[in-house]
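Asker:
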Amino acid sequence: MKNHLKNFSFPYKSIVLIFSCLILILPLFYIGSLSVDQIINSNPNNLRLLLIISTLISSIGFIYCTLGYHFQIIKGDELIFRIHLEALNIAFTTSLVVLFALIFIFLNFNPTLLNYLLIILAIVAILAYIIGIEIVKRKYR
Amino acid sequence: MKNVLHILRAEKRYSQDDLAKLVDVSRQTINAIEREKYDPSLPLALKIAKVFNKKVEEIFFLESN
Numbered sequence: 699m700k701n702h703l704k705n706f707s708f709p710y711k712s713i714v715l716i717f718s719c720l721i722l723i724l725p726l727f728y729i730g731s732l733s734v735d736q737i738i739n740s741n742p743n744n745l746r747l748l749l750i751i752s753t754l755i756s757s758i759g760f761i762y763c764t765l766g767y768h769f770q771i772i773k774g775d776e777l778i779f780r781i782h783l784e785a786l787n788i789a790f791t792t793s794l795v796v797l798f799a800l801i802f803i804f805l806n807f808n809p810t811l812l813n814y815l816l817i818i819l820a821i822v823a824i825l826a827y828i829i830g831i832e833i834v835k836r837k838y839r
Numbered sequence: 007m008k009n010v011l012h013i014l015r016a017e018k019r020y021s022q023d024d025l026a027k028l029v030d031v032s033r034q035t036i037n038a039i040e041r042e043k044y045d046p047s048l049p050l051a052l053k054i055a056k057v058f059n060k061k062v063e064e065i066f067f068l069e070s071n
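Line by line, the protein sequences are chains Y and G.
Using the numbering used here, the letters of the first sequence correspond one by one to residues 699 to 839.
Using the numbering used here, the letters of the second sequence correspond one by one to residues 7 to 71.
1. Within the stretch 726-766 of chain Y, note down every full alpha helix (DSSP H) run reaching 4 residues or more, in order along the chain.
2. Is the shortest distance between the beta-carbon of Y/K837 and the beta-carbons of chain G less than 8 Å?
3. In the structure shown, what three-state DSSP assignment does G/K8 receive?
4. Alpha carbon to alpha carbon, how far is Y/L747 from Y/D775? Give it in angstroms, no decimals.
5. Kindly say whether G/P38, judged by its beta-carbon, lies nearer than 8 Å to any beta-carbon of chain Y.
6. Starting from the Cα of G/L28, find the closest Cα among G/E64, G/E69, G/L68, G/F58 and give me that residue.
7. Along chain G, in chain order, which residues have C-beta atoms closer than 8 Å to that of Y/L783?
8. Could you compute how far the alpha carbon of Y/H782 sits from the alpha carbon of Y/G766?
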């Protein structure tokens with residue numbers, strides 16, 4: 699069993715990633731296509747269930763892709779693994795600094811923006827990782 | 007850490023790509039090692055030493071030595 703897991707190559711990662719993104723935003727298009735009357739007259743639990751199911755499926759997809767790309771990098775070239783780790787370090791430090799800065803700014807000036815903190819942080823972390831990769835690559839070139 | 011990888015590679019007439027395939031890494035990794043920008047892991051150093059039939063310390067050594 700352990701060997702099976704060790705040799706599992708997580709196939710179709712890109713397709714799963716695209717599928718998860720689509721499933722995540724599909725309810726938005728569905729709800730957008732409904733008229734106001736249809737939404738008012740419908741059972742709110744149905745809409746809630748739709749959102750929960752789509753989020754659950756896409757979350758499983760994202761976890762699968764994360765594990766897949768993680769093991770792909772670990773099993774692959776060691777320099778790429780090193781670059782990945784250093785870029786993650788940059789992304790994590792940047793997110794932490796931005797988190798404290800945003801909490802300070804939002805709490806003092808606009809508390810309602812705290813609702814968007816996670817989304818902003820996620821975008822900052824992804825951007826910091828991409829920029830970090832380019833910076834670290836230059837170091838080893 | 008210093009190394010004489012490029013000399014050994016030239017002696018054997020291996021390209022960076024050939025050596026990379028022999029030790030199962032990318033050409034960029036071999037290039038980074040030769041330019042002393044990246045220190046290889048112990049397993050990779052051992053693999054490289056095995057390819058050139060030498061001891062690890064004959065290929066990789068500290069600057070002070």
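All C-beta atoms in this analysis are idealised placements derived from N, C-alpha and C, irrespective of residue type, glycine included.
Answerer: Walking through what the data contain:
1. 734-739
2. yes
3. strand
4. 43 Å
5. Looking at the sequence itself, residue 38 of chain G is Ala, so the reference to Pro does not match. At least one chain Y Cβ lies under 8 Å of G/A38.
6. Considering only alpha carbons, the answer is G/F58.
7. For Y/L783, no chain G residue has a C-beta closer than 8 Å to its own C-beta; the minimum C-beta separation is roughly 13 Å.
8. Computed Cα separation, rounded: 14 Å.
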